[in-house]
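Please read the structure below before turning to the comments.
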Amino acid sequence: MSWREIPILRLLLPLVIGMAISPFWYFPDRIWIVGTLLLLNLVLLIWVARKRIVYAHRTRFGAWSFLFFVWMGTSLSDLNQDVNRPGHCAMFGAQSIWYQGVIYKKDVGAQRLRLLVKVDSISADQIKWKAASGNLQLSLAVDSRTFLLDYGQAIRFKSQLREVPPSLNPKAFDYRNYLRQQNVYYQTFVDEEDWEIINHHAGNPILMLADKWRKRSIKVLRKHLPSSNELGVGLALILGNKSEIDDSLRAAYANTGAMHVLAVSGLHIGMVYLGISFLLGLISWRHPYWKWTKVVFTILGVWSFALITGASPSVLRAATMFTFLIIGIAFSRYTNIYNTLAASAFILLSFNPLLLQQVGFQLSYLAVFGIIYFQPRIYRLWYIKNRYGNYLWKLVSVSLAAQITTFPLSLFYFHQFPLYFWLSGLVVVPAAVLILTGGLGLLFLSNIPGIGWLLGKTLYAVIWLTNALIFVIQQLPAGLLKGIWISGVSLFLLYLLIVLAIGFLEKRTARWAQAVLLCLCGVLVIHNLKSWQNTTQQELTVYQVYKHTLIDLIHGRQIYSLADAGLQPEAQIFPAGNYRMYKGMKEQTNFSLEDAAFKHKNWQLHRHFLQFESLRLVLINGALVLPKNPLTVDYVLLRDNPDHTIEELTQSFRFKALIFDGSNYRDRVNEWTTECEMLGLKYYSLPETGALTIELPHSPTIE
């Protein structure tokens, strides 16, 4: 295979590079400057193309073409950012005004309903309306009225916009970045009396019809899948709806490497395509127009299924790929699979560059590429004469091929690697075929007496058995490597290693082998440096936890966690779990701040006074009586709303800075910060700036 056989991939790479680097060099008016460069580059390419290109100068033309698509990727990223457009509703976020928009996504929680709304107009008095744009996240209290809200409705509401805050704890899940991947930069909280539905049919008619079909399908599955685990898997695998999967079931599939089967993807689209082709093939009409009529019906069927299942990145990729495949077959043209894959990515990214930042999009394309390239090579390594053994080896080779190209990204995002992915693949891949076939049959034939009942019972039995086997695999010993944290540099080197390995497989030369070994050495050096750093680290971290106090003393790979009595260890995972994993934690010991005293070899806590190595910290709450003679400490931490003024603290302590954590009332913290600014004192307000990390130099332990 040569570059000439995959021209679309040669265009996709610079486009992706332009989109990937776009966030790192933004400046005002970049959209106009880059747009001008793009236009000049296009004129240059047209002028060069009209002349006869000398073979010796082909690389110059290729370089200009490469640069053109880099500019194009950056320009598309800028054009897709709604917040940069004139008339964005964020211009009026500082005041409470009326907004109108259409609901395009709904997420029901236990206490709050979250809606994503595309704003189209604003008004201060509901009389004069002005055109506006932008996507907002609305949060409303769950009540009898909010259950009336649904996709495609136009809603009017009054509120004041707030920018989505960043994560306030290190390495924690960044919800702001998650929303920005959906072009949502602002959120608002709407009171019960400040909203109303003004139109029930304002959405896209095609998407509203797909939503109607999806709801009908969910009702059918709820009827025939009465238990929660079976319903959750059925909804996810057949309709792409994962909202019914509980935490234990989700963990079982994730820990066994089978989570991917719960996302509607190429397997599902392929089966829909084969099913439609089979049904249309039963019609023996030989009219010349029938050939193209079948093409239209097949494409419509594929995209209808994609829309009904929610149009996730994997579904869009698969639907676009099969569209190219269907058209290519109709023209009786050979299509290079790499070209088709690249073309689908090129089209999807051109319409929505933010897809590039989504984990599902990245994993989807990498998995397909791995299966296409590595699976045939892995399969040829072992020839099995037995028919069933050969089938099982094919399934294992598919799982191995997909893992080769996705495991670096899985480590980077999820920090774990399931060792029994090949075993779960033997279960879930055949099961997915049966579940999807039976599920689609049930949706179409559910109203036929007897047949609908039989399909429903069969589907339930298959899903129940699949879940049972997944739980059994989860219980196998040493099935999951957890706590793996790699940096962006390591991620780049791992994928460079894969690219170099592909080069070696294609060229079989010593230079490629040397490059592979050199890259592998780089990965190992970074890993060992990180391990050494984790072994020698000493650090104190005060987390931002709403209504609670949480402090970690990190000594090498040992972590001592100090928390108030109301913060249980399982509640510490969200604010601190990722950071502890990042720090290479091997052992964690929990202590309560309400206990009188602790003493260890390198730290001690006596009532309200904490010493960790050479660092001294006093924790002040309402129970502490301030000393009359000033004490010298490094930091003063105020927790649980102590009734002390900053001036009183300065008379009792000599300190470097004050710390206000999330256990205090916001108004109380505002008073303290105002007083600190008046007195010229250094302070850290964790509700505003996030967790505080203090690195310590190594010093002798406390005896």
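With the first letter of the sequence shown counted as 1, position 556 gets the number 875 in the working numbering; the numbers rise by one all the way through. All C-beta atoms, glycine included, are put in the ideal place defined by N, C-alpha and C. None of these values were measured; they are calculated from a predicted model.
Proximity winner among the options, relative to residue i (alpha-carbon distances)
i, options, result
"Ser627", "Glu966, Trp991, Gln887, Asp530", "Residue identity check: residue 627 is Ile in the sequence provided, not Ser. If we check each option's Cα against that of Ile627, Asp530 comes out closest."
"Ile446", "Lys534, Tyr418, Leu869, Arg696", "Tyr418"
"Gln500", "Phe917, Ala882, Leu674, Ile792", "Leu674"
"Val944", "Leu934, Leu839, Leu968, Asp953", "Leu968"
"Gln456", "Ala797, Gly471, Ile422", "Ile422"
"Val483", "Asp469, Val503, Phe476, Ile474", "Val503"
"Tyr865", "Arg958, Lys826, Leu936", "Arg958"
"Ile416", "Tyr657, Arg827, Arg475", "Arg475"
"His963", "Gly941, Asp980, Tyr954, Ile978", "Gly941"
"Val861", "Ala829, Pro1006, Leu759, Leu812", "Pro1006"
"Arg535", "His520, Leu554, Ser547", "Leu554"
"Val427", "Leu330, Ile517, Lys561, Asn709", "Lys561"
"Leu813", "Gln794, His846, Ile789, Val791", "His846"
"Ser463", "Tyr732, Pro695, Val436, Glu512", "Glu512"
"Leu759", "Tyr954, Ala450, Ile537, Ile441", "Ile537"
"Val955", "Asn948, Ile978, Val615", "Ile978"
"Glu528", "Ser716, Trp622, Pro888, Ser982", "This sequence places Leu at residue 528; Glu is not what is there. The option with the nearest alpha carbon to Leu528 is Trp622."
"Lys849", "Met900, Ile1013, Phe466", "Met900"
"Lys947", "Arg973, Leu936, Asp953", "Arg973"
"Ile703", "Phe693, Ile792, Ser716", "Ser716"
"Leu540", "Ile557, Leu526, Gly896", "Ile557"
"Asp469", "Ser718, Lys425, Ala450, Ile803", "Lys425"
"Leu728", "Tyr1002, Phe811, Ile691, Pro768", "Phe811"
"Asp444", "Ser478, Val436, Leu435", "Ser478"
"Ile304", "Phe380, Phe643, Pro545", "In the structure displayed, the chain extends from 320 to 1022; residue 304 sits before or after that span and is not available."
"Gln694", "Ser718, Leu544, His579, Arg706", "Ser718"
"Val844", "Pro796, Asn523, Ser806, His867", "Ser806"
Contacting residues, own chain, Cβ-Cβ under 7 Å from residue i (five flanking each side not counted)
i, result
"Ala750", "Val781, Thr785"
"Gln891", "Leu869, Ser880, Ala882"
"Arg987", "Asn960"
"Ser596", "Thr617"
"Ala884", "Ser911, Glu913"
"Gly647", "Thr654"
"Ser631", "Gly559, Ala582, Val583, Gly679"
"Tyr732", "Val678"
"Ser1018", "Only weak support is given to the placement of Ser1018: the predicted model assigns it a pLDDT of 46, under 50, and the question is left unresolved by the model."
Cβ shell of residue i (< 6 Å), same chain only, five flanking positions each side left out
i, result
"Ser486", "Asp493"
"Ser384", "none"
"Ser458", "Arg431, Arg433, Phe508"
"Gln472", "Ile422, Ile516, His519"
"Gly453", "Asp401, His407, Cys408, Val438"
Continuous beta strand (DSSP E) stretch holding residue i: start and end
i, result
"Val438", "431-442"
"His407", "From DSSP, His407 is part of no beta strand (DSSP E); its letter is neither H nor E."
"Trp851", "Segment 829-855 is the alpha helix (DSSP H) holding Trp851; no beta strand (DSSP E) there."
"Pro422", "According to the sequence displayed, residue 422 carries Ile and not Pro. Note, Ile422: beta strand (DSSP E), 416-427."
"Lys866", "Per DSSP, Lys866 belongs to no beta strand (DSSP E) and is neither H nor E."
"Ser933", "Taken as a continuous stretch (DSSP letters only), Ser933 belongs to no beta strand (DSSP E), as it is neither H nor E."
"Ala460", "454-460"
"Leu800", "799-801"
"Asn989", "Careful: Asn989 lies outside any beta strand (DSSP E), inside the alpha helix (DSSP H) at 985-998."
"Tyr1002", "1002-1004"
Anticipated Cβ contact below 8 Å, residue i with residue j, distance rounded
i, j, result
"Asp565", "Gly551", "7 Å"
"Tyr898", "Pro489", "5 Å"
"Lys801", "Gln856", "The pair is not a contact, with the Cβ atoms about 20 Å apart (cut-off 8 Å)."
"Ala1010", "Gln863", "5 Å"
Own chain, CB closer than 8 Å to residue i, minus 5 neighbours either side, in chain order
i, result
"Ile1021", "Confidence at Ile1021 is low in this model, with a pLDDT of 39, below 50, so the placement of that residue is unreliable and no value is reported for it."
"Asn403", "Ile350, Asp397"
"Asn360", "Trp383, Leu386, Phe387, Trp390"
"Ala521", "Val421, Gly471, Gln472, Ala473"
"Ile770", "Leu764"
"Val461", "Val427, Gly428, Ala429, Gln430, Arg431, Leu432"
"Ala916", "Gln923, Leu924, His925, Arg926"
Run of the alpha helix (DSSP H) containing residue i, from where it starts to where it stops
i, result
"Pro524", "524-543"
"Lys610", "607-627"
"Ile268", "Only positions 320 to 1022 of the chain appear in this structure, which leaves residue 268 out of reach."
"Ala720", "706-733"
"Asn948", "Per DSSP, Asn948 belongs to no alpha helix (DSSP H) and is neither H nor E."
Quiz item: Would you call the region 716-734 and the region 809-826 touching, i.e. three or more CB-CB distances under 8 Å?
Solution: yes
Quiz item: Are there three or more Cβ pairs, one per stretch, closer than 8 Å when the region 330-338 is compared with the region 389-402?
Solution: yes
Practice problem: Would you check if the region 869-877 and the region 900-908 touch, i.e. whether three or more CB-CB distances between them fall below 8 Å? | Solution: yes
Quiz item: Is the region 981-993 touching the region 826-845, taking contact as three or more C-beta pairs under 8 Å?
Solution: no
Practice problem: Specify whether the region 836-845 and the region 770-780 touch according to this definition: at least 3 beta carbon pairs, one from each stretch, less than 8 Å apart. | Solution: no
Quiz item: Given 8 Å as the limit, is there contact between the region 702-720 and the region 734-747, that is, 3 or more CB pairs closer than that?
Solution: yes
Quiz item: So does the region 659-671 actually touch the region 679-688, counting three or more Cβ pairs closer than 8 Å?
Solution: yes
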